[in-house]
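These protein sequences, in sequence, are chains A and B.
Residue 193 in the working numbering sits at position 175 of the first sequence, and the numbers go up by one each step.
Residue 482 in the working numbering sits at position 182 of the second sequence, and the numbers go up by one each step.
By construction, the Cβ of each residue, glycine as well, lies at the ideal position given by its N, Cα and C atoms.
This structure is a prediction, so every number in the text was calculated from the model and none was measured.
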Amino acid sequence: MPRAKLAVALAVLILLVLPVAATLANQPFWVTVATRILIFALAVAALDLIVGYGGMVSLGHAAYFAIGAYTVAVAANNGLHSALGNWGLAVLITALFALGIGAVSVRTSGIFFIMITLAFAQMVYYLVLGIRPLGGDDGLPFASRDTLPGIDLANPVVFYLVVLVLLAAFALFSQRAIYARFGTVLRAAKQNERRVTALGFDVYRYRLVAFTISGAVTGLAGALFGEFQRIAGPDSANWVQSGDLLVMLILGGAGTLLGPLFGAAAFLLLQTVLIGLTDHWMLILGPILIAVVLFGKRGLAGLIAGSDA
Amino acid sequence: MPEPKLATRNLAKAFGALRVTDDVSLAVVANELHAIIGPNGAGKTTLLTQLSGELRPDRGTVHLDAHDITPMPPYERARLGIARSFQITTLCLDFTAADNVALAVQAREPHSFKFWRSAKREGALREPARALLERVGLGARADLPARVLSHGEHRQLEVAVALALAPQVLLLDEPLAGVGIDEAQALIEILQSLKGTMTIVLVEHDVAAVEALADRVTVLDGGRVIASGTFAEIRNDPTVRRAYLGDVA
C-alpha cells in the first residue's frame, strides 16, 4: 500500500479506536479532546479548500465559525431543538454571509484579500459583542444539546462519531471536488490566473463558489462547536481564532488531505498538554511551527504521509 | 474586400505620455494569416493584448464579425473563439503538459461546475489533449510537469493549449522567440498546416518565418501602422525599409 493511503487508513483506524480505548481506560476526557480536534479539523479542512487549493488566504474564517455557533445557540434559545434543522440553518446563514463577504473580497488578492477578510470578520466580532440578546462578553449558553432522531447527541462518544462522520463526508467531497473539473479550474487559477482567464474561465465565479462552500462548512464546524460546548462565545469570532485556524492549516500542511486533521490535532494537543505547564504555551508552539514551515513544505502531512499526501 | 473577421478602428492606448497604440485600424480577413511586425517597442504585443481584451484601449473599438467587443473582458472574448498564446510562458507549471491542454479542452464546455468525477479520468478531456500534444510534437512529454519542459517546449505547449480551445481566431505572440532551429521548424510546419482553417494574427520577429507564412503583413512603428499588404509589397515600401527592414531586405 502506498504511504499516503496507509497514513489515511491508519488515521481513520486511530479515530475509530480512540473512543473505545478512552472509554475502556475510563478516560472520557480524551473523547472530549478528540471531539474538539475533529471539529477544528473540519473548519481547517474547509479553510484548506480556498487556501491550499485556491490560493486565497482568508484571515477571517472565525466569522463563519462564530456565526455557525451563534445560530445554533439562538435557535436553541428559541425553542428549536432539531439538530438537523439548526445545523442546516447554520450552514445556510454562513453560506449567505460567505457569499456576500466573498463577493467583495474575492475581487482582490494577496495582502488585500487577507486584510479585507480580516476586516469583515472584525465587523462580525463587534456585531456579536454589540447585539445585547447574544449575551455580549458572556456569550450565549443553552440548556441542552439539540436532538437527532434515534441518535443520542448528549452521549459524548455518539457526538464524537457524528462529528467524525461529518468530517469524513466533507473530506471525501473536497477530495472529489478538488480533482474534478471545478477544482482543476481552482488549482489552475492559483498557479496562473492570467492563463485560466485567457482560456475563457471567469475565475471570479469559481473562486466565489469555493469561498462560499468554505465559509458554509466552517459554519457547520462552528455549529458543532456551539453544540459541543452548549455555548456560543464571542472569542470564537475574534481574529485570533482566524489566525489559529491558519496556524493549524500550515502546521498540518496546506493542500493535503490529512493536513487539517494533523494540524488541528498537533495544535490542540500541544495546547492541552502545555497549558498545564505554562500560560505562554505559544512560546513552545512557535519554534515548532517555524521548524515545520522551514523543513517540511507540506507540513506534518508531508512529513508523515509523504510527497503525495 | 470581404467583411473582416477581426478588426480594430482607430485604436489608441497611451501609458502616460507614451503612445503605445496610436490610431491603429486593422482588418484581418477570415482564415488569413496576418502577421504583425515592427521594431522593438513598436507596440505589437500591446496591440495583441487589446485584441485579447486584457488591456482596454483609451479610444477606438475592436470588432469580431462586425460586433463591437471592446467592452468584453478576456474570458468572454475567449468564449467567442479568440484564443491567444503568450510570449512569456503563461502556463500552469505544476500541471503536466497534458493537464494544461486538457484544461483548455474543458474550457470549451459552457461551465466547469462539476464536483465529483475526476477530470484526470475523463476521456473526453484527455484524448483530445493527447492528440494535440502529438500534433505539436510533445507526445512523449505529455505526463511531465510543465515546469521541467524547455523554453521551446513551452512555446509548443502554448500553441497546443490555444488550439485546444478550437478557436476561430488565434492570436500568437512571438511563438518562435527563443526557440531552437528544429523546434522553430516544427512550429512553422504546424502554422502552415493551420493556414486557411482559422484566422491567425501572428506577432513575430523572425522575418523569414513571416515571409514563409503570412498572407498579409502589417508593420507597426511607434504604435502606428506604417504599412500593410503582402510581404512583397511591404518589403519594397521605403517607410518600412527605413524603420525596420533596412538591413534585412
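Contacts with chain A at 8 Å (Cβ-Cβ) do not include residue 515 (chain B).
Taking a Cβ-Cβ cut-off of 8 Å, the neighbours of residue 406 (chain B) in chain A comprise 199, 202, 203, given in sequence order. Apart from sequence neighbours up to five positions away, the residues of its chain that approach residue 324 (chain A) with a beta-carbon distance below 7 Å are 21, 22, ordered along the chain. As the crow flies, the alpha-carbon of residue 294 (chain A) is around 11 Å from that of residue 287 (chain A). Around residue 354 (chain B), the same chain offers 374 as residues with beta carbons nearer than 7 Å, after the five sequence neighbours per side are excluded. The beta carbon of residue 327 (chain B) sits closer than 6 Å to the beta carbons of 304, 307 from its chain, once the five residues preceding and following it are set aside; these are given in chain order.
Contact with chain B is absent for residue 75 (chain A), since none of that chain's Cβ atoms lies less than 8 Å from the residue's Cβ. Within the region 210-239 of chain A, contact with chain B at the beta-carbon level (separation under 8 Å) is assigned to 210, 212, 213, 214, 215, 216, 217, 218, 219, 220, 221, 224, 227. Straight through space, the alpha carbons of residue 380 (chain B) and residue 543 (chain B) are spaced by roughly 36 Å. Exclusion of the five residues before and after residue 521 (chain B) leaves 338, 339, 342, 543, 544 as the residues of its chain whose Cβ lies within less than 7 Å of its Cβ. The beta carbon of residue 256 (chain A) sits closer than 7 Å to those of 80, 143, all from its chain and outside the five residues before and after it, given in chain order.
In terms of Cα proximity to residue 529 (chain B), the closest of B:329, B:447, B:317, B:310 is B:329. Look at the beta carbons and you see the region 390-398 of chain B touching the region 445-453 of chain B: at least three pairs across the two are nearer than 8 Å. Around the Cβ of residue 371 (chain B), a 10 Å sphere holds fewer than 16 other Cβ atoms; the residue is exposed. The residue from B:419, B:516, B:469 with its alpha-carbon nearest to that of residue 377 (chain B) is B:469. Of the candidates B:457, B:415, B:365, B:457 places its Cα closest to the Cα of residue 442 (chain B).
Distance from the Cα of residue 84 (chain A) is smallest, within the candidate group A:247, A:314, A:310, for A:247. Residue burial annotation: residue 350 (chain B) is buried, with at least 16 other C-beta atoms found within 10 angstroms of its C-beta. Not a single C-beta of chain B is nearer than 8 Å to the C-beta of residue 125 (chain A). Here residue 427 (chain B) is exposed. Its C-beta has fewer than 16 other C-beta atoms within 10 Å. Positions of the alpha helix (DSSP H) runs, each at least 4 residues long and wholly inside the region 92-156 of chain A, are given as 101-123, 128-148 in order along the chain. Taking every protein chain shown into account, the CB of residue 315 (chain A) has fewer than 16 other CB atoms within 10 angstroms, so this residue is exposed. The beta carbon of residue 46 (chain A) sits closer than 7 Å to the beta carbons of 40, 174 from its chain, once the five residues preceding and following it are set aside; these are given in chain order. No Cβ of chain B is located within less than 8 Å of the beta carbon of residue 316 (chain A). By the 16-neighbour rule on beta-carbons within 10 angstroms, residue 406 (chain B) is buried. DSSP places residue 470 (chain B) in the uninterrupted beta strand (DSSP E) bounded by 469-473. Nearest CB-CB separation between residue 113 (chain A) and chain B: not below the 8 Å threshold.
Closest by C-alpha distance to residue 461 (chain B), out of B:344, B:432, B:325, is B:432. For residue 26 (chain A), same chain residues with a beta-carbon under 7 Å away, outside a window of 5 residues either side, are 275, 276 in chain order.
By the C-beta criterion, the region 110-126 of chain A is judged to be in contact with the region 217-234 of chain A, since at least 3 inter-stretch pairs fall below 8 Å.
A direct Cα-to-Cα measurement between residue 491 (chain B) and residue 480 (chain B) gives close to 16 Å.
Secondary structure note for residue 323 (chain B): its beta strand (DSSP E) is the uninterrupted segment 318-328. Neighbours of residue 206 (chain A) across chain B, judged by C-beta separation under 7 Å: 392, 395, 403.
Counting of Cβ neighbours within 10 angstroms places residue 196 (chain A) among the buried residues, the total reaching 16 or more. Taking C-beta separations shorter than 7 Å and ignoring five residues to either side along the sequence, the partners of residue 509 (chain B) in its chain run 476, 488, following chain order. Inclusion of residue 69 (chain A) and residue 267 (chain A) in the CB contact set at 8 Å is warranted, their separation being smaller than that value.
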